[in-house]
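According to full-length UniProt numbering, the sequence shown is numbered sequentially starting from 1.
Cβ atoms here follow ideal geometry from the backbone N, Cα and C, with glycine treated the same way.
All figures in this text were calculated on a predicted structure; none of them were measured in a lab.
Some notes on the structure that comes next.
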Amino acid sequence: MFKEQIKKEIENIKNNNLYRFLRKKDNIDNILDFSSNDYLCLSKHPEVINAVKDGLRYGFGSTGSRLASGNINHQLLEEKIAQFKETEGALIYSSGYATNVGVISTLCKKGDIILSDRLNHASIIDGCRLSKADVLIYNHCDMDNLIHLIEENRSSYNNLFIITDGIFSMDGDIAPLDKLKNIADEYNGILIIDDAHGTGVLGNGKGTLKHFNLKPSDNIIQIGTLSKAVGGLGGFVCGIEEVIEYLINTSRSFIYSTALPPSVVSGCIKSFEIMEEGTLTKKLQENIELANRIFKEYDLIEKNNLTPIYPFIFKEKTMDIAEHLIKNNIFCVGIRYPTVPRGMERLRVSINVGHSEEDFGALCECIKDKII
Ligand SMILES: Cc1ncc(COP(=O)(O)O)c(C=O)c1O
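Here it is in structure tokens:
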């Protein structure tokens, strides 16, 4: 009975053209990859790999939660992140997803109100759903709409939280953090920034807050992931000491989950050391400029990007183009509803420091083949 029901639901997904399946990245050395979030290519950096090997001296797994047997070299990474982000403290989780869910559901309580950008990442949405706060969605980066919603509800909440991605993961655009910080200050609110895609990329690598020349403050909480520019696995939150101390005591996805393997932690520490030098972030910005020029020549974009994420909106043609690219050894994922709104289906092209002018040209030529 249950089996039949699930089969029917899968059929429905297929009939709606929304079926997902796992695709192995075959022939990994020959593939031209525009799907990865490894913006600085740190996942394959020899010094990072050596640091990972060195971390294996502690063993394969961490063997327990941070509050039990799993607290090995983790605090070294937290000190590094806090220093890098210029905050009082930092706390790492087993993924960026677990961080958003664990931080938002813990800090935002009954009687509070959350204002969340319409295009925020699924892990923020799930954190909001798990929290007991009231959640209102403001139109994407629309400050008038945000203020309107706050004004309408201002008498009826305890704490006000504004939550936004720093760089939006599917569009590559940047949240107006300067304006959001002003609004948070004016209404005595707390600004939570998920800088999963900004860390290592904007503000000399320090992130989106730095991009706006803003300093960390008591009412800013920054979240990030160790799985994108950092090249590893895990997530982190940074901010004032009291928030970190409170999360250690109350955040369920931190407390009730095994700590990251120490080798991953060692690799991430090395990644932050390399990011601090600034060379790779500078190279990434140069590659973004190069990609802007070439993508414009092929009419794939109208204005210059500041981030490595390019949405090429091909709507219903998206999946056919993605398939054509794969047949030509170019890996670039097609994104459909519900990850993006209907009618906004796109290739999500993400570029990194390893791409060359020829690579950008090859991608554009292959797309051109299919759309002409
Ligand atoms: C904006 C954003 N936040 C959070 C996450 C989750 O991070 P992780 O992959 O480390 O769980 C992602 C990754 O998909 C993301 O794009």
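Through-space distance from residue j to residue i, alpha-carbon basis
{"i": "residue 66", "j": "residue 318", "result": "43 Å"}
{"i": "residue 214", "j": "residue 178", "result": "7 Å"}
{"i": "residue 22", "j": "residue 217", "result": "42 Å"}
{"i": "residue 220", "j": "residue 49", "result": "33 Å"}
{"i": "residue 85", "j": "residue 369", "result": "44 Å"}
{"i": "residue 54", "j": "residue 94", "result": "20 Å"}
{"i": "residue 184", "j": "residue 191", "result": "6 Å"}
{"i": "residue 63", "j": "residue 69", "result": "6 Å"}
{"i": "residue 362", "j": "residue 226", "result": "30 Å"}
{"i": "residue 17", "j": "residue 7", "result": "15 Å"}
{"i": "residue 262", "j": "residue 232", "result": "12 Å"}
{"i": "residue 282", "j": "residue 40", "result": "10 Å"}
{"i": "residue 202", "j": "residue 175", "result": "12 Å"}
{"i": "residue 211", "j": "residue 141", "result": "17 Å"}
{"i": "residue 358", "j": "residue 58", "result": "43 Å"}
{"i": "residue 289", "j": "residue 371", "result": "24 Å"}
{"i": "residue 367", "j": "residue 320", "result": "10 Å"}
{"i": "residue 207", "j": "residue 167", "result": "9 Å"}
{"i": "residue 304", "j": "residue 272", "result": "28 Å"}
{"i": "residue 364", "j": "residue 3", "result": "44 Å"}
{"i": "residue 143", "j": "residue 302", "result": "24 Å"}
{"i": "residue 294", "j": "residue 306", "result": "15 Å"}
{"i": "residue 156", "j": "residue 111", "result": "8 Å"}
{"i": "residue 186", "j": "residue 131", "result": "24 Å"}
{"i": "residue 96", "j": "residue 152", "result": "32 Å"}
{"i": "residue 28", "j": "residue 20", "result": "21 Å"}
Cβ-based neighbour list, residue i, same chain, cut-off 7 Å, excluding 5 preceding and 5 following
{"i": "residue 404", "result": "Since the displayed the chain opens at 1 and closes at 372, residue 404 lies outside it and no answer follows."}
{"i": "residue 343", "result": "315"}
{"i": "residue 180", "result": "162, 164 and 191"}
{"i": "residue 243", "result": "221"}
{"i": "residue 311", "result": "170, 171, 172, 346 and 348"}
{"i": "residue 47", "result": "270 and 274"}
{"i": "residue 340", "result": "170 and 346"}
Buried or exposed (CB count within 10 angstroms, at least 16 for buried), residue i
{"i": "residue 266", "result": "buried"}
{"i": "residue 106", "result": "buried"}
{"i": "residue 279", "result": "exposed"}
{"i": "residue 122", "result": "exposed"}
{"i": "residue 120", "result": "buried"}
{"i": "residue 1", "result": "exposed"}
{"i": "residue 249", "result": "exposed"}
{"i": "residue 350", "result": "buried"}
{"i": "residue 127", "result": "buried"}
{"i": "residue 193", "result": "buried"}
{"i": "residue 325", "result": "buried"}
{"i": "residue 24", "result": "exposed"}
{"i": "residue 13", "result": "exposed"}
{"i": "residue 124", "result": "buried"}
Any non-hydrogen atom of ligand 1 closer than 7 Å to residue i Cβ
{"i": "residue 196", "result": "yes"}
{"i": "residue 225", "result": "yes"}
{"i": "residue 169", "result": "yes"}
{"i": "residue 373", "result": "Look at the range of the chain in this structure, 1 to 372, and you will see that residue 373 is not part of it."}
{"i": "residue 235", "result": "yes"}
{"i": "residue 95", "result": "yes"}
{"i": "residue 219", "result": "no"}
{"i": "residue 292", "result": "no"}
{"i": "residue 173", "result": "no"}
{"i": "residue 54", "result": "no"}
{"i": "residue 375", "result": "This structure cannot speak to residue 375, because the chain is shown only from 1 to 372."}
{"i": "residue 12", "result": "no"}
{"i": "residue 100", "result": "yes"}
Other residues of its chain near residue i: CB distance less than 8 Å, five sequence neighbours each side excluded
{"i": "residue 138", "result": "115, 116, 117, 118, 145, 146 and 149"}
{"i": "residue 30", "result": "329"}
{"i": "residue 313", "result": "344, 345 and 346"}
{"i": "residue 322", "result": "332, 333, 334 and 347"}
{"i": "residue 287", "result": "308, 351, 352, 353 and 355"}
{"i": "residue 72", "result": "58, 62, 259, 262 and 265"}
{"i": "residue 37", "result": "197, 227, 228, 229 and 350"}
Sequence-distant residues of the same chain with beta carbon closer than 6 Å to residue i, five excluded per side
{"i": "residue 237", "result": "91, 99, 103 and 223"}
{"i": "residue 189", "result": "160 and 162"}
{"i": "residue 275", "result": "200 and 205"}
{"i": "residue 89", "result": "82, 241 and 244"}
{"i": "residue 134", "result": "113"}
{"i": "residue 251", "result": "102 and 106"}
{"i": "residue 51", "result": "266, 267 and 270"}
8 Å Cβ cutoff, residue i in contact with chain C
{"i": "residue 371", "result": "Absent here is chain C; the protein component of the structure consists of one chain."}
heavy atom of ligand 3 below 7 Å from residue i C-beta
{"i": "residue 354", "result": "Inclusion of ligand 3 in the displayed structure is not the case, the ligand content consisting of ligand 1 alone."}
Taking only runs of the beta strand (DSSP E) that begin and end inside the region 74-121, which ones reach a length of at least 3 residues, in chain order?
List check, beta strand (DSSP E) in window: 89-93 and 113-117.
What are the complete alpha helix (DSSP H) segments, minimum 4 residues, inside the region 194-238?
The qualifying runs are 208-211.
Taking the runs of the beta strand (DSSP E) that are 3 residues or longer, which of them lie wholly in the region 43-78?
Those beta strand (DSSP E) runs which fall completely within the region 43-78 and span 3+ residues do not exist here.
Can you give, in chain order, each stretch of the beta strand (DSSP E) that sits fully within the region 143-199 and has at least 3 residues?
You should have 160-165 and 190-194.
Segments of 4+ residues assigned as alpha helix (DSSP H) that fall wholly inside the region 300-356
You should have 318-327.
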